[in-house]
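The numbering of the sequence shown is our numbering, which starts it at 1447 and goes up by one.
Just below is one structure, and these are the notes that go with it.
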Amino acid sequence: MDSASGEVAPLEPRDAGRLSVYLCGPTVSGPPHVGHGRVTLVWDILRRYLTWNGLDVRFVSNVTDIEDKIIAAAAEERMPAEEVAARYERLWWETTDALGVARPDVAPHATAYLEEMEELIGRLIAGGHAYEGGDGVYFSTSSIDGYGLLARQGLESLRAGARVEPAEEAGKRSPLDFVLWKRAKPGEPSWASPWGEGRPGWHTECVVMSLGLLGEGFDLHLGGLDLAFPHHENERAQAVAAGWGFARRWAHNGMVVDERGDKMSKSVGNITSLPGLLQRYEGRALRALVLNAHYRSPMAVTIDALDSAKGTLERLDNFAREAREWPTVGPDASVLARFRWRMDDDLDTHGALSVILGAVRDARAHPDRAPALAAAVRECCEGALGLPLAFQEEGLDPAVAELVRQRDASRGRGDYREADALRDKLVEMGYVVEDTPAGTRARRAR
Ligand SMILES: [Zn+2]
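Here it is in structure tokens:
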């Protein structure tokens, strides 16, 4: 759904066959939380699906490596701000890799775009859209028409709801105005500018990075719903004031909530961070959970929900393992068509997942069609959704294969104590052990 018009609109690329996409990336001031997991997964799924459909997707997502929160973390951890940013950026990529999220084609850093930001701020001041206040440069939100488009509210109601500003932003003329350049306090990281030593405002970096890398009128600007206002609105306002064509479409994903439906970005059970969650669940489980929800709806991430997503995955993996023995044929066309029909309807991944699970049921009921149905399930999951399944036998380490053989032998003798001990040993080595009619199956825990 296009957040600017409030309607589901067709995606018509600026350049035929290509899609230019910008996703607001992380501020690297701490470990990623569960909300970050959802944002990256939702848009990774969209990107993979569009690519699978033959579009050439150029995906840009920034890294905010200078911001108040990084400075605060640096003070707390008693280390330079650049080190804090570098450390949490490393953790960010490790975590998103573990989630199976493809890295962006370009991941620009805010600190590499100081010159462009300075140019934009100069242009806004010259055009009468920005002014110098007590402690920096501010954007005048009343200087453009249509401020509040993405908040889907007019200027008046936004002004009435604006929070009381802290004293340090006392230089503002209106509570809705926002900072473009913030003068540095002693000891803070800073860059020289015509408006004194300081650092850029967060809203300014995305404007210059998205337009710099994707060009005017790029296709799609993405992010979490919490960024629609004020962050995205303020990006848009600057582009409008500068006279530049900005994103043609906007899409926002819903927030992660707890079991009571309250916004939650930190704790699931007693797990407080995304890396913590990934120690307990494989990345595929969170992807399955994300697929099961509509991207615009709030999504509860609870232990029960994760366990149920894990159960869905197990069902799919078991089916994929059975399918290893089946002949290779082309994918069932009607499953692919129904899958596409769901996905093309505002990314209805929940519906698409039902099509996939329906194909698994059909394969059980109609063995003659099973190979084609399995090929379609594989195509949809692995090709379009980024969800690899157990279609291929993982090569087992010979030592592991030997333990598996020994366990089957001890079970054959009825020596269940030894069989249990061997299972424990395999689990300790990082394997998931299953008893199947064909004997012990071990696969690496992901
Ligand atoms: Zn942004």
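Just so it is clear, CB atoms sit at the ideal spot from N, CA and C, and this is done for glycine as well.
On a predicted model such as this, the values are computed, not experimentally measured, just so you know.
Backbone CA spacing between residue i and residue j [nearest angstrom]
i     : j     : result
D1511 : W1648 : 10 angstroms
R1414 : R1815 : Summary: the structure shown does not reach residue 1414, with the chain confined to residues 1447 through 1892, and so no result is reported for it.
G1568 : G1689 : 14 angstroms
Y1746 : K1756 : At residue 1746 the sequence reads Ala, which differs from the Tyr that was named. Roughly 15 angstroms between the two C-alpha positions.
L1671 : S1620 : 24 angstroms
P1777 : F1675 : 43 angstroms
G1908 : S1656 : Past the edges of the chain, shown from 1447 to 1892, lies residue 1908, and the structure says nothing about it.
G1594 : E1458 : 24 angstroms
G1471 : A1865 : 48 angstroms
A1407 : G1829 : Because residue 1407 is not part of the residues shown, which for the chain are 1447 to 1892, the question remains open.
L1596 : D1461 : 25 angstroms
E1662 : I1517 : 32 angstroms
D1790 : A1693 : 20 angstroms
L1660 : L1724 : 33 angstroms
D1854 : E1848 : 10 angstroms
Where residue i sits in the DSSP three-state scheme
i     : result
M1563 : helix
K1871 : helix
Y1534 : helix
F1765 : helix
K1628 : strand
R1770 : coil
D1591 : coil
M1447 : coil
V1474 : coil
N1699 : strand
D1502 : strand
M1745 : strand
F1785 : helix
H1555 : strand
C1652 : helix
Buried versus exposed, by CB contacts within 10 Å (16 or more), residue i
i     : result
Q1924 : A question about residue 1924 goes unanswered here, because the residues of the chain that appear run from 1447 up to 1892.
T1882 : exposed
W1787 : exposed
F1505 : buried
T1774 : exposed
E1564 : buried
E1540 : exposed
S1393 : Residue 1393 lies beyond the range of the chain shown here (1447 to 1892); nothing can be said about it.
S1588 : exposed
E1651 : buried
R1767 : buried
N1499 : exposed
S1743 : exposed
A1687 : buried
A1520 : buried
H1812 : exposed
G1580 : exposed
E1453 : exposed
R1682 : buried
P1844 : exposed
A1613 : For A1613, the pLDDT reaches just 45, beneath the cut-off of 50, and the residue's location in the model is therefore unreliable, leaving the point undetermined.
G1592 : exposed
E1523 : exposed
Beta carbon of residue i nearer than 8 angstroms to that of residue j
i     : j     : result
H1677 : N1738 : no
R1494 : G1722 : no
V1467 : L1666 : yes
D1623 : F1585 : yes
K1628 : G1644 : yes
V1850 : T1886 : yes
G1729 : G1476 : no
E1535 : V1509 : yes
G1876 : R1890 : yes
H1702 : G1481 : In the sequence on display, residue 1702 carries Val and not His. Result yes, Cβ atoms of V1702 and G1481 sit closer than 8 angstroms.
E1705 : T1758 : no
G1658 : E1562 : yes
L1868 : P1478 : no
V1781 : L1835 : no
W1637 : D1448 : no
L1762 : L1492 : no
L1626 : L1570 : yes
L1537 : L1501 : no
Contact the stretch 1822-1829 vs the stretch 1798-1806: 3+ CB pairs below 8 angstroms: Note that the stretch 1822-1829 touches the stretch 1798-1806; at least 3 beta-carbon pairs, one per stretch, sit closer than 8 angstroms.
Cβ contact (3+ pairs, closer than 8 angstroms) linking the stretch 1479-1489 and the stretch 1721-1738: With three or more CB-CB distances shorter than 8 angstroms, the stretch 1479-1489 counts as touching the stretch 1721-1738.
The stretch 1568-1582 in contact with the stretch 1528-1542 per 3-pair CB rule at 8 angstroms: Taking 8 angstroms as the limit for Cβ pairs, the verdict is that the stretch 1528-1542 does not touch the stretch 1568-1582.
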